[in-house]
Amino acid sequence: MRLQIFGKLSIAQQLDEGYRIGIRRHNEEVTKNRHILSRIIDCVKFCGAFELALRGHDESEGSDNPGIFRGLVDFVASLDGVLKEHLENATVFKGTSKTVQNELLDCMLSVVREQIIQDVQSSDFLSIQADETTDIATQCQLVLVLRYIDAKSNVQERFFEFIPLRSTTADSIATVLKERLAVILPEDQKSKLISQTYDGASVMRGATAGVQRKMQDVYPNAHYIHCYAHQLNLIMQQATSHISKVRIFFSDLGGFSSFFSRSPKRTDVLDKVVAHRLPTSSNVRWNFHSRAINTVFEHREDLIRCFQSIRDSGDFDPVTVREAGAFAMLLENQDFKFFLQLFHNIMPHVDLLYAKLQKKDIDSVHIRGSIQQFQQDIQKIRNSLHSLVDQCSEGGSQPKRRRSLSPEVHERIAAEVCDTILRHTLERFSFTDHLVSATLLQADRFEQYTMAFPEDALSRTLKAYPVLDGSKLKTELSLIYCKEEFRACCGALDLLQLFMENNLEEVFSETVTLLKILVTTPMTTAEAERCFSTLKRIKTFLRNSMTQERLNALAMLSIEKRLVTEMTDFNQKVIEKFASQKERRAKFVFK
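Each residue of the sequence shown is one higher than the one before, starting from 1 at the first, in UniProt numbering.
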């Protein structure tokens, strides 16, 4: 036995060495556990991004239907030896239970929300969009969407939360919105909220007791915007519902798709003869009407042959034969053909404006120009009605089975339709009050403004947004109106990015502030509608019992998948939050 080693090393040195070895082993274990948990987080992120159900019918070992999440974890384990070894040998923490899934989803939701709140608090202005719908479990859900300009001068519309509502009164909706905004905006940043956009329901837009009024009592700068896409639908409904002949035309138009949708046998004939399905109409989505009009207009002759084939084949019941014969006669009717031609001319312009209103980066300046173009296009159709009537009258060789309207009546009804669209467009899209500020930065008016400065628009803008310095803004705008390079910009966002790219934000500080206000102001609730589409894909009939927290987490992973991808340290932040939730038997914190 060798005793020479006694006395060579001090006890303190031996303890230090043992301590360092213990720390090294602990950190090695933490690194391994974090690697495994990161792979599991990736699997949850994948399922969330593509709106896949995580849970399976039977998640026990050896099950044939363990669910997408377990199947994905097993697939990743086949490519990752560390994860495979962990799944085979783990006794303390495996990481695939439903409890861990829910905890990870909570952590992911918290990390993304913290990032969004951080971005909002560092931005200059904030706007909110809110809308409500009923999910598959008949629970009323209010969606909250935040719109702001990020550090790169890009417009962002971020989903924040689905909020369950027990009642849809103005008080209850305003209360939950104020509770969420209190978390997002500190007390000293209340002035940042410059806009609130909802649909036109009386509970939302009420000037004395509506949600918008109750929000303005707390956030005085939060001007109300009635969603412009919703208003465009109302304009078209008004133009087509108060004229009986036009109302009958759209009712007949909806009958085509209804006729074929009730029978696979009828649809089979449609596929063989026309080779094109008929889209259904909708009173709340006018682009659906447009698709139906275009399809019937382009395939009218084929549809006539299709109905005649059904009528004459002898393979259908008497009701079908009778309806097919009536539809064939309808397609040859002179009145129907005239209205089909009229709305075939009108609807592409409605579609174009509707598509522009759906864009995330649309701003009030761009919308004003688009609305003016829409009015000009409808006015052109109004001015050419006489030639349209003559064109339809020339091709009017139909059997005299039912009396048609005279060309003069056709022209009068068409003129009434166009006039109604123009009148309601002018009334609803008038850009009064705070929206008049958009006219100050409308590039096609800059030359006109050099000769006559828009003093009235400026004074109303300063009244709506007291944060602006009036004299400095007027000086900057006068200079902008004189410069040719600014006249090529299309919309407030283009002009803002031009200033930021050329480092002119200090020279034109008040104009940049006004531009940020205009760009941050949402003109539609289109993003809220897109969130509802995601809600319907996530909370389905077979998944209708999921908790609200899980719903919000999965919706966030789907709607904000790009933000999650751009956060390079996302997994590490989730692991830190997961480790700090409670004392865990597995080790995830470095020493």
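Note that the Cβ used here is the ideal one computed from N, Cα and C, for glycine as well.
Taking the alpha carbon of A137 as the reference point, which residue from A170, Q548, L303, L479 has its own alpha carbon closest? Checking every option, the nearest Cα to that of A137 belongs to Q548.
Keeping to the same chain, check which residues put their C-beta closer than 6 Å to that of V574; ignore five residues upstream and five downstream. Excluding sequence positions up to five before and after V574, its CB lies within less than 6 Å of the CB of I41, C107, M108, V111, all in the same chain and listed in chain order.
Taking residue 595 as part of the beta strand (DSSP E), name the residues at either end of that continuous run. What the structure shows of the chain is the stretch from 1 to 591, and residue 595 is not part of that stretch, so it cannot be assessed.
Length at least 4, wholly inside the region 428-502: the alpha helix (DSSP H) runs in chain order: Listed in chain order, they are 446-451, 455-464, 470-482, 492-501.
Buried or exposed: N502, going by 16 or more other Cβ atoms within 10 Å of its Cβ? With a threshold of 16 other beta carbon atoms within 10 Å, N502 falls short and is exposed.
Local Cβ density within 10 Å of K591, reported as buried at 16 or more and exposed below that: So K591 counts as exposed.
In terms of DSSP beta bridges, what is A201 paired with? In DSSP, A201 forms no bridge with anything.
Through-space distance from Q238 to L54, alpha-carbon basis: In a straight line, the C-alpha of L54 is about 46 Å away from that of Q238.
Output needed for Q581: all residues of its chain with C-beta closer than 6 Å, excluding positions within five of it in sequence on either side, in chain order. Its chain contains no residue whose beta carbon lies nearer than 6 Å to that of Q581 once the 5 sequence neighbours on both sides are disregarded.
Buried versus exposed, by CB contacts within 10 Å (16 or more), R266: Looking at its Cβ environment, which holds 16 or more other Cβ atoms inside 10 Å, R266 is buried.
Cβ atoms of R39 and L105: under 9 Å apart, would you say? No. Outside cutoff.
Here's the rule: buried if 16 or more other CB atoms are within 10 angstroms of the residue's CB, otherwise exposed. What is C490? In the assembly as shown, C490 is an exposed residue. Its beta-carbon has fewer than 16 other beta-carbons within 10 Å.
For L144, the nearest candidate out of D171, Y198, I310, R445 (CA to CA): In this structure, Y198 is the residue among D171, Y198, I310, R445 with its C-alpha nearest to the C-alpha of L144.
With a threshold of 16 other CB atoms inside 10 Å of the CB of D444, please say whether the residue is buried or exposed. Only exposed fits D444, as fewer than 16 other CB atoms lie within 10 angstroms of its CB.
Might you give, ordered along the chain, the residues of its own chain that have their beta carbon closer than 8 Å to the beta carbon of F259, omitting 5 neighbours on each side? Excluding residues within five positions, the ones whose Cβ falls inside 8 Å are R266, E323, A324, F327.
Since Y219 is in the alpha helix (DSSP H), which residue starts that stretch and which ends it? No alpha helix (DSSP H) contains Y219, which DSSP labels as neither H nor E.
With distances taken Cα to Cα, identify the nearest neighbour of Q391 among P407, L185, G369, N383. Residue P407 is the option with its Cα nearest to Q391.
How many Å lie between K400 and R247 at the Cα? A caution first: K400 carries a pLDDT of 48, below 50, which makes its placement in the model too unreliable to give a value.
Hey, how far is the Cα of G255 from the Cα of V296? C-alpha separation (whole angstroms): 12 Å.
For my contact list, L357 and L515 are in at a C-beta cut-off of 8 Å; report their separation, rounded to the angstrom. Contact flag wrong, Cβ pair sits at about 20 Å.
In the structure shown, what three-state DSSP assignment does A162 receive? According to the sequence provided, residue 162 is Phe. The question's Ala does not apply to it. In the structure shown, F162 falls within a strand segment according to DSSP collapsed to helix, strand and coil.
Tell me, please, which residues DSSP counts as bridged to A292. Assignment of beta-bridge partners to A292 by DSSP yields no partner.
Roughly how many angstroms separate the alpha carbons of F75 and F69, rounded to a whole number? Rounded to whole angstroms, F75 and F69 show a C-alpha spacing of 10 Å.
Between which two residues does the alpha helix (DSSP H) holding S172 run? In the DSSP assignment, S172 falls within the unbroken alpha helix (DSSP H) covering 170-184.
Do the region 91-105 and the region 44-64 touch if we need at least three Cβ pairs shorter than 8 Å? Under the three-pair Cβ rule at 8 Å, the region 91-105 counts as touching the region 44-64.
For the ligand HEM, I want to know if Q375 counts as a neighbour, meaning its beta carbon is within less than 8 Å of at least one of the ligand's heavy atoms. The ligand HEM is not part of the structure shown, which contains no ligands of any sort.
Please classify E447 as buried or exposed, where buried requires at least 16 other C-beta atoms within 10 Å of its C-beta. With fewer than 16 Cβ atoms within 10 Å of its Cβ, E447 is classed as exposed.
With three or more C-beta pairs closer than 8 Å as the rule, is the region 335-344 touching the region 454-472? Judged by Cβ distances under 8 Å, the region 454-472 makes no contact with the region 335-344, as fewer than three pairs qualify.
Report the partner residues of Q358 according to the DSSP bridge assignment. DSSP lists no partner for Q358.
R543: which of I480, A209, D135 sits nearest, CA to CA? With distances taken between Cα atoms, R543 lies closest to D135.
Secondary structure of T133, DSSP reduced to three states: In the structure shown, T133 sits in a strand (DSSP, three-state: E or B).
Determine the closest residue to T133 out of L87, Q334, L535, R34, with distance taken between C-alpha atoms. In terms of Cα proximity to T133, the closest of L87, Q334, L535, R34 is L535.
If you drop the 5 nearest sequence neighbours on each side, which residues of the same chain put their C-beta closer than 6 Å to that of T524? Counting only residues of its own chain and dropping the five nearest sequence neighbours on each side, T524 has a CB closer than 6 Å to the CB of C227, Y228, A229, L357.
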